[in-house]
Amino acid sequence: MTPIDYYIHLDSIYLKAAIYIVLAPLLGGLLAGVDRKLSARMQGRIGPPVLQPFYDVLKLFQKEKIIVNKFQNFNVILFFVFMVFTGSLFFLGGDLLLVIFALTLAGVFFALAGFSVNSPYCHVGAERELIQMMSYDPMIILVAVGMYQVTGTFRVDAIALYDEPLILYLPGVFLGYLHVLTIKLRKSPFDLSMSAHAHQELVSGLKTEFSGTTLAMIEIGHWYENVLLLGIIYLFFSFNSIVGVAAMLLLYFFEIVIDNTYARFKWELTFKSTWVVTALFGAANIIILYFAMRP
Amino acid sequence: MGLEGHVETILFLILFPAGISLLLLSIPVKSVRRLIAVIANIALIAGTIHLLYESSGATVRFELESVWIERAMLVLEAALSVYILYMGVRFRRYLVVLFTLLQLGLLIHFETVAAPGIHVVHSLFADNFSIILALIIGIIGSFICLYAIGYIEEYHERHKESEDNRRVFFFLMYLFLSAMFGIVFSNNLKWIYFFWEVTTVCSFLLIKYHEDEESIDSAFSALTMNLLGGLAFAAGISYAGMYAGTLELDRLIADGGAYAVIPAALIAFAGLAKSAQLPFSSWLTKAMVAPTPVSALLHSSTMVKAGVYIIIKVAPALKGTLAAAMLSYLGGLTFLVTSLIAISQSNAKKVLAYSTIGNLGLVVACAGIGTNEAVWSAILLIVFHAVAKSLMFLCVGITEHKLSSKEIENMDFLIMEMPKVSAAMIIGISGMFLAPFGMLISKWATLKAFIDFNPVMAIILAYGSAATLFFWTKWMGKIITIKYGLKNLEKVVSPWEWTTLAVLSFMTIGVCIVFPVLSSALIEPYITEIFGASPSMDRFNIIIIMIIMLGLLTMLPVALMYYAWLDKDYKRVGTYLGGANVDNARFLGSTGAQRTADIRNYYLENFFSEKRLFDYGWVAAVFLVILMLGVVIT
Chain B
4 MTPIDYYIHL
14 DSIYLKAAIY
24 IVLAPLLGGL
34 LAGVDRKLSA
44 RMQGRIGPPV
54 LQPFYDVLKL
64 FQKEKIIVNK
74 FQNFNVILFF
84 VFMVFTGSLF
94 FLGGDLLLVI
104 FALTLAGVFF
114 ALAGFSVNSP
124 YCHVGAEREL
134 IQMMSYDPMI
144 ILVAVGMYQV
154 TGTFRVDAIA
164 LYDEPLILYL
174 PGVFLGYLHV
184 LTIKLRKSPF
194 DLSMSAHAHQ
204 ELVSGLKTEF
214 SGTTLAMIEI
224 GHWYENVLLL
234 GIIYLFFSFN
244 SIVGVAAMLL
254 LYFFEIVIDN
264 TYARFKWELT
274 FKSTWVVTAL
284 FGAANIIILY
294 FAMRP
Chain Y
77 MGLEGHVETI
87 LFLILFPAGI
97 SLLLLSIPVK
107 SVRRLIAVIA
117 NIALIAGTIH
127 LLYESSGATV
137 RFELESVWIE
147 RAMLVLEAAL
157 SVYILYMGVR
167 FRRYLVVLFT
177 LLQLGLLIHF
187 ETVAAPGIHV
197 VHSLFADNFS
207 IILALIIGII
217 GSFICLYAIG
227 YIEEYHERHK
237 ESEDNRRVFF
247 FLMYLFLSAM
257 FGIVFSNNLK
267 WIYFFWEVTT
277 VCSFLLIKYH
287 EDEESIDSAF
297 SALTMNLLGG
307 LAFAAGISYA
317 GMYAGTLELD
327 RLIADGGAYA
337 VIPAALIAFA
347 GLAKSAQLPF
357 SSWLTKAMVA
367 PTPVSALLHS
377 STMVKAGVYI
387 IIKVAPALKG
397 TLAAAMLSYL
407 GGLTFLVTSL
417 IAISQSNAKK
427 VLAYSTIGNL
437 GLVVACAGIG
447 TNEAVWSAIL
457 LIVFHAVAKS
467 LMFLCVGITE
477 HKLSSKEIEN
487 MDFLIMEMPK
497 VSAAMIIGIS
507 GMFLAPFGML
517 ISKWATLKAF
527 IDFNPVMAII
537 LAYGSAATLF
547 FWTKWMGKII
557 TIKYGLKNLE
567 KVVSPWEWTT
577 LAVLSFMTIG
587 VCIVFPVLSS
597 ALIEPYITEI
607 FGASPSMDRF
617 NIIIIMIIML
627 GLLTMLPVAL
637 MYYAWLDKDY
647 KRVGTYLGGA
657 NVDNARFLGS
667 TGAQRTADIR
677 NYYLENFFSE
687 KRLFDYGWVA
697 AVFLVILMLG
707 VVIT
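Residue numbers (the working numbering), protein chains in the order written: chain B, 4 to 298; chain Y, 77 to 710.
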């Protein structure tokens with residue numbers, strides 16, 4: 004029995020949520036560190052230490068509080084709280100659709116943070132963030148739909164305990180999910196709304212006017228989110244926890260490779276390609292499955 | 077608690093507003109009219125709640141000796157037709173004339189030759205669904221009427237060119253309420269048809285209220301399409317009378333068998349026109365020229381709901397036929413196309429109109445699917461939509477006066493200029509698409525119903541919802557943008573408008589909190605009565621939804637107060653403008669000229685142009701409607 008199996012079989016949902024809340028930022032931060040290290044190696048640099056993201060965040064907490072207006076940080080806090088809540092709901096085994104809706108709520112608060120500042124850079128970043136959300140949203144819902152078609156339930160805990168490999172039923176949905184995962188992880192070619200300063204034309208996009216503690220919360224919020232997104236990958240391979248973990252790590256590595264080999268798309272191409280991929284892989288998979296599974 | 081009491085309340089609800097409307101038309105003193113309106117609305121609200129209290133939950137049907145009623149209706153109907161003919165000739169709209177003549181011919185033929193002696197046993201009825209609609213009409217309708225008192229005052233101050241016909245305006249509003257109660261409580265198809273036509277004419281006259289060329293055009297557009305629908309309705313009644321031998325809605329659907337299919341399809345067609353589904357959607361978007369309380373009452377929370385109401389009622393007769401499948405696709409198509417078009421719209425009322433059409437599309441799709449899950453979601457959609465959307469319209473009604481514009485692009489910094497209206501607007505927008513609010517709950521239920529029926533519908537819903545997410549959030553983003561030093565514009569909003577805004581804001585939140593009770597006490601018994609079993613929401617999920625709601629309701633005010641009063645330790649700087657700031661909003665351009673950083677939203681015209689999408693949608697919808705009516709031939 005691997006630790007993952009042990010976790011899934013825990014009885015208490017409170018314990019499950021607590022484990023996520025404590026471990027997710029550590030794992031997420033570690034992943035970010037490995038990400039930076041691997042990216043650096045791919046670019047022929049040595050790269051920062053693996054723990055650098057933690058040093059960065061700790062330092063952000065000590066910075067002076069600089070703001071443009073008094074209420075700009077308001078939405079970031081809501082984003083953070085609902086992101087943690089969403090992840091907990093997923094990891095305690097709740098309803099997958101509700102997880103997606105709560106994720107949307109967190110995402111909306113994040114975009115609103117960008118709107119509220121009244122800065123041109125934040126604003127364009129927020130608009131692009133919304134375009135990204137509109138692009139990936141159908142596919143994320145189709146992931147839940149596909150899993151429901153196979154397992155007959157939306158409950159994450161039940162899906163995780165499903166005996167057969169979901170990936171065999173949902174290959175198209177899985178490919179579609181990989182496509183939107185690149186957007187959600189804010190990787191090139193889809194890192195339109197915000198990326199590191201000097202990495203794009205929008206200063207740092209949505210987060211331009213956020214600094215110090217608030218910026219740290221944005222970072223940690225995304226660590227929580229990344230762990231949640233990898234958790235969804237796990238569900239496709241949950242018939243065997245070792246395969247599942249291997250798939251998560253392999254695909255994260257794959258995303259890093261993509262990040263380092265692609266130039267950024269324009270928003271038009273991002274939007275169009277995502278909706279087309281969603282239709283060709285996700286929707287087609289679901290329709291075929293519907294006819295295949297009909298008695 | 078007896079049946080007698082029941083029918084008296086229903087008759088009160090139908091007749092009382094009509095009486096009030098005549099009273100309001102005849103009294104010249106403004107303050108007296110206002111007093112009457114307030115008392116009437118309190119009575120109406122009390123009446124609907126009384127009805128809810130009296131109801132045992134089961135369907136009850138009432139006999140009513142109807143010779144004189146029939147005659148009176150006939151006379152009134154003839155008068156309406158003559159009036160429409162007159163308007164059609166006066167404004168040279170010959171399609172209107174043609175439809176009216178055809179309708180008249182059909183009815184005269186029916187009354188005299190085809191089926192003069194059909195005895196209608198139960199003319200009125202009440203079930204939980206009609207009580208839910210009555211609550212919407214009575215409570216939301218009343219508050220919109222109260223709001224209108226304040227609104228119309230300012231409307232005439234700002235539109236000096238428009239003739240002050242406010243007595244006619246209120247006459248029509250209350251008459252409309254009467255007709256709406258009539259539609260939801262009538263079991264006699266001829267009665268439903270009568271009230272149906274009254275709402276059509278009320279809508280026509282209210283859209284035309286401003287009396288300029290655009291309003292008159294829009295009014296006739298609405299009239300023409302609804303008369304076409306009315307013609308189909310009349311044909312459906314004639315067919316039902318001649319072949320199925322009954323004019324009772326419940327008997328036609330339950331025992332009509334094969335003879336019920338054609339009238340059901342025709343009446344559903346009328347419902348599509350009334351609820352502005354594709355290919356008829358253009359009348360509703362044009363109708364946005366009407367004064368905003370009209371849009372809120374007729375064109376979002378009640379009259380268009382009559383269309384989907386009748387579709388839900390007749391859909392069981394179509395079950396298993398091609399017509400039902402076409403109905404569900406038509407609804408899905410309408411939802412998808414209008415949600416996409418809404419992205420490209422910057423006129424606030426048009427965004428609301430497109431979103432209304434789209435959500436009604438979901439209801440139509442649910443009716444077409446016709447499973448217990450689907451009908452359950454349809455009713456949830458109707459309830460939540462009515463509350464949140466009327467709130468949105470009424471907010472826009474205030475901003476359109478204060479900003480002298482209906483454009484969303486002019487709502488920059490609204491939260492600083494009109495904080496309370498903005499708060500109501502944020503609640504309304506959240507109510508339309510965000511967890512844990514009502515429309516999200518009902519879309520969730522709809523999604524489940526769709527998946528179990530046909531995954532294509534679920535895919536349509538997934539795409540359409542993504543579009544709604546985009547246009548609602550960018551609107552919300554627009555109004556919460558913060559800038560200091562702006563003047564407060566909401567000091568002169570009338571108490572009429574404030575009251576309604578506050579009530580509807582609390583209701584938008586309230587219906588989400590009481591939703592489990594609402595579902596188990598009212599909707600689920602109704603579904604069980606029809607289908608034998610009812611879906612309900614998983615208890616664990618309800619708890620999660622309530623936790624989110626509670627979280628929002630506590631965190632939002634606490635965080636706001638913290639930032640407003642307690643948070644003192646910060647350093648304020650100007651926004652970053654490429655390092656070339658002159659001040660917080662201006663920067664130095666490349667030639668040294670000072671430019672203002674002006675922020676505008678994205679409308680993605682290239683992807684979602686109204687004309688192109690509407691044209692495609694229209695063609696596809698006409699095709700689907702032809703297939704749907706194809707059952708008439710086969």
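Glycine included, each C-beta is placed from N, C-alpha and C at the ideal position.
Distance, Y:Ile491 Cα to Y:Arg671 Cα | By one-based count along the second sequence, residue 671 of chain Y stands at place 595. By one-based count along the second sequence, residue 491 of chain Y stands at place 415. Their backbone Cα atoms lie some 25 Å apart in a straight line.
Where does Y:Val143 land, buried or exposed, given buried means 16+ other C-beta within 10 angstroms?
-> Locating residue 143 of chain Y in the second sequence gives position 67, where the first residue counts as 1. When all chains shown are included, Y:Val143 counts as exposed.
Host beta strand (DSSP E) of Y:His195 (start-end) | In the second sequence, the residue the question calls residue 195 of chain Y occupies position 119. Unbroken run through Y:His195: none, as it is neither H nor E.
Could you tell me the distance, in whole angstroms, from the CA atom of Y:Gly408 to the CA atom of B:Pro6?
-> Numbered from its first residue, the second sequence carries residue 408 of chain Y at position 332. Numbered from its first residue, the first sequence carries residue 6 of chain B at position 3. Y:Gly408 and B:Pro6 have their alpha carbons spaced roughly 45 Å apart.
Since I believe B:Met296 is in contact with B:Val79 (beta carbons under 8 Å), could you give me their beta-carbon distance rounded to a whole number of angstroms?
-> What you label residue 79 of chain B is simply residue 76 of the first sequence in a count that begins at 1. What you label residue 296 of chain B is simply residue 293 of the first sequence in a count that begins at 1. 43 Å between Cβ atoms; not a contact.
Rounded to whole angstroms, what's the CA-CA distance from B:Pro174 to B:Leu292? Just pull it up for me.
-> Translated into the one-based positions of the first sequence, residue 174 of chain B becomes position 171. Translated into the one-based positions of the first sequence, residue 292 of chain B becomes position 289. Each residue's Cα considered, the two are about 11 Å apart.
List, in order along the chain, the chain Y residues whose C-beta lies closer than 7 Å to that of B:His126?
-> Mapped onto the first sequence, residue 126 of chain B falls at position 123. What B:His126 touches in chain Y: Ile675.
Assign Y:Leu623 to buried or exposed, taking buried as 16 or more other Cβ atoms, counted over all protein chains shown, within 10 Å of its Cβ.
-> Here the question's residue 623 of chain Y lines up with position 547 in the second sequence. Note that residue 623 of chain Y corresponds to Ile in the displayed sequence, not to Leu. Per the 10 Å Cβ criterion, exposed.
Assuming Y:Ile458 contacts Y:Val579 (C-beta within less than 8 Å), just tell me the rounded distance between them.
-> Taking the first residue of the second sequence as position 1, residue 458 of chain Y is located at position 382. Taking the first residue of the second sequence as position 1, residue 579 of chain Y is located at position 503. Wrong, their Cβ atoms sit about 19 Å apart, outside the cutoff.
Who are the Cβ neighbours of Y:Trp572 in its own chain at under 7 Å, not counting the five residues just before and after it?
-> Locating residue 572 of chain Y in the second sequence gives position 496, counting from the first residue. So the qualifying residues of the chain are Leu222, Tyr223, Ile225 and Gly226.
Interface partners of B:Gly97 on chain Y, CB under 8 Å = Here residue 97 of chain B refers to the residue found at position 94 of the first sequence. By Cβ distance, chain Y contributes Phe616, Asn617 and Ile620.
Compute the Euclidean distance between the alpha carbons of B:Tyr3 and B:Phe83, then round it to the nearest angstrom.
-> The requested residue 3 of chain B does not occur in the structure, where chain B is confined to residues 4 to 298.
Hey, out of Y:Ser358, Y:Ala640, Y:Leu598 and Y:Ala310, whose CA is closest to Y:Leu177's CA?
-> By one-based count along the second sequence, residue 177 of chain Y stands at place 101. Nearest option by C-alpha distance: Y:Ala310.
Assuming Y:Ile445 contacts Y:Ser404 under a Cβ cut-off of 8 Å, what Cβ separation, rounded to an integer in Å, is found between them?
-> To locate residue 445 of chain Y, count along the second sequence from 1; it is residue 369. To locate residue 404 of chain Y, count along the second sequence from 1; it is residue 328. In this structure Y:Ile445 touches Y:Ser404 by the C-beta definition: roughly 5 Å separates them, less than 8 Å.
If we ignore side chains and look at the alpha-carbon of each, how far apart do Y:Met77 and Y:Glu130 end up?
-> The residue labelled residue 77 of chain Y in the question sits at position 1 within the second sequence. The residue labelled residue 130 of chain Y in the question sits at position 54 within the second sequence. Residue placement at Y:Met77 is flagged as unreliable, the pLDDT there being 38, under the threshold of 50; the coordinate-derived value follows with that caveat. Those two C-alpha atoms are separated by around 6 Å.
Can you give me the start and stop residues for the alpha helix (DSSP H) that Y:Arg243 sits inside?
-> Reading the second sequence from its first residue, position 167 is the one you call residue 243 of chain Y. Start and end: Arg242 to Phe261.
Terminal residues of the beta strand (DSSP E) in which Y:Thr672 lies | Looking up residue 672 of chain Y in the second sequence gives position 596. Element bounds for Y:Thr672: Gln670 to Thr672.
Got a sec: which bits of the segment 638-649 of chain Y sit with their beta carbon under 8 Å from any beta carbon on chain B, in order along the chain?
-> Cβ contacts with chain B come from Tyr639, Ala640, Asp643, Asp645, Tyr646, Lys647, Arg648 and Val649.
Within 8 Å (strictly less), CB to CB, does B:Thr216 reach chain Y?
-> To locate residue 216 of chain B, count along the first sequence from 1; it is residue 213. Chain Y, which has no Cβ nearer than 8 Å to the Cβ of B:Thr216, makes this no.
If you compare alpha carbons, which of Y:Leu152, Y:Phe219 and Y:Tyr560 is closest to Y:Ala119?
-> If you number the second sequence from 1, residue 119 of chain Y lands on position 43. The candidate whose alpha carbon is nearest that of Y:Ala119 is Y:Phe219.
If I'm right that Y:Ser722 touches Y:Thr544 with Cβ under 8 Å, what's the distance once you round it to whole angstroms?
-> In the structure as shown, chain Y begins at 77 and stops at 710. Residue 722 of chain Y is therefore absent and cannot be evaluated.
Do Y:Gly57 and Y:Phe411 have their C-beta atoms closer together than 8 Å?
-> Any answer about residue 57 of chain Y is impossible in this case: the structure gives chain Y only from 77 up to 710.
Run through DSSP, which three-state label would Y:Phe201 get?
-> Residue 201 of chain Y sits at position 125 when you count from the first residue of the second sequence. Under the three-state reduction of DSSP, Y:Phe201 is assigned to strand.
Answer yes or no: does any C-beta atom of chain B fall closer than 8 Å to that of Y:Thr712?
-> A question about residue 712 of chain Y goes unanswered here, because the residues of chain Y that appear run from 77 up to 710.
State yes or no: is the C-beta of Y:Cys471 within less than 8 Å of the C-beta of Y:Leu628?
-> Here residue 471 of chain Y refers to the residue found at position 395 when the second sequence is read from its first residue. Here residue 628 of chain Y refers to the residue found at position 552 when the second sequence is read from its first residue. Their beta carbons are not under 8 Å apart, which means Y:Cys471 does not touch Y:Leu628 by this criterion.
Let me know the secondary structure DSSP gives Y:Met77 once reduced to three states.
-> Here the question's residue 77 of chain Y lines up with position 1 in the second sequence. Summary for Y:Met77: the model assigns pLDDT 38, below 50, so the residue's position carries little reliability; its value from the coordinates is reported in the next sentence. Coil at Y:Met77, not helix or strand.
Nearest candidate by alpha-carbon position, reference Y:Met613, set Y:Gly654, Y:Ser466, Y:Ile702 and Y:Trp452 = Taking the first residue of the second sequence as position 1, residue 613 of chain Y is located at position 537. The shortest Cα separation from Y:Met613 among Y:Gly654, Y:Ser466, Y:Ile702 and Y:Trp452 belongs to Y:Trp452.
Return the CA-CA distance between B:Met197 and B:His126, expressed in angstroms with no decimal places.
-> On the first sequence, residue 197 of chain B is found 194 positions in, with the first residue counted as 1. On the first sequence, residue 126 of chain B is found 123 positions in, with the first residue counted as 1. Between B:Met197 and B:His126, the C-alpha separation is close to 11 Å.
Tell me the DSSP bridge mates of B:Ile69?
-> As a position in the first sequence, residue 69 of chain B is number 66, starting the count at 1. Note: B:Ile69 sits in a beta bridge opposite Y:Lys647.
Alpha carbon to alpha carbon, what distance is there between Y:Leu565 and Y:Ile125?
-> Position 49 of the second sequence, counted from the first residue, corresponds to residue 125 of chain Y. Position 489 of the second sequence, counted from the first residue, corresponds to residue 565 of chain Y. The alpha-carbon atoms of Y:Ile125 and Y:Leu565 are separated by roughly 36 Å.
Below-8 Å beta-carbon distance, B:Val84 vs any chain Y residue | Taking the first sequence and counting its residues from 1, the one referred to as residue 84 of chain B is at position 81. Cβ-Cβ to chain Y under 8 Å: yes for B:Val84.
For the candidate residues B:Met251, B:Leu283 and B:His12, whose alpha-carbon lies nearest to that of B:Ala176?
-> As a position in the first sequence, residue 176 of chain B is number 173, starting the count at 1. With the sequence shown as reference, residue 176 of chain B is identified as Val, and Ala is not the correct amino acid for it. Of the candidates B:Met251, B:Leu283 and B:His12, the one whose C-alpha sits nearest the C-alpha of B:Val176 is B:Leu283.
In its own chain, which residues sit with a C-beta less than 6 Å from the C-beta of Y:Lys478, not counting the 5 before and 5 after it?
-> Locating residue 478 of chain Y in the second sequence gives position 402, where the first residue counts as 1. Closer than 6 Å at Cβ, skipping near neighbours: Leu565.
Does any CB atom of chain B fall closer than 8 Å to the CB of Y:Tyr319?
-> Start at 1 with the first residue of the second sequence, and residue 319 of chain Y comes out as number 243. Interface criterion not met: the Cβ of Y:Tyr319 is under 8 Å from no Cβ in chain B.
My understanding is that B:Ala109 touches B:Phe74, with C-beta atoms under 8 Å, so please give their C-beta distance in whole angstroms.
-> The sequence position of residue 109 of chain B within the first sequence is 106, counting from 1. The sequence position of residue 74 of chain B within the first sequence is 71, counting from 1. B:Ala109 to B:Phe74, Cβ: 18 Å. No contact.
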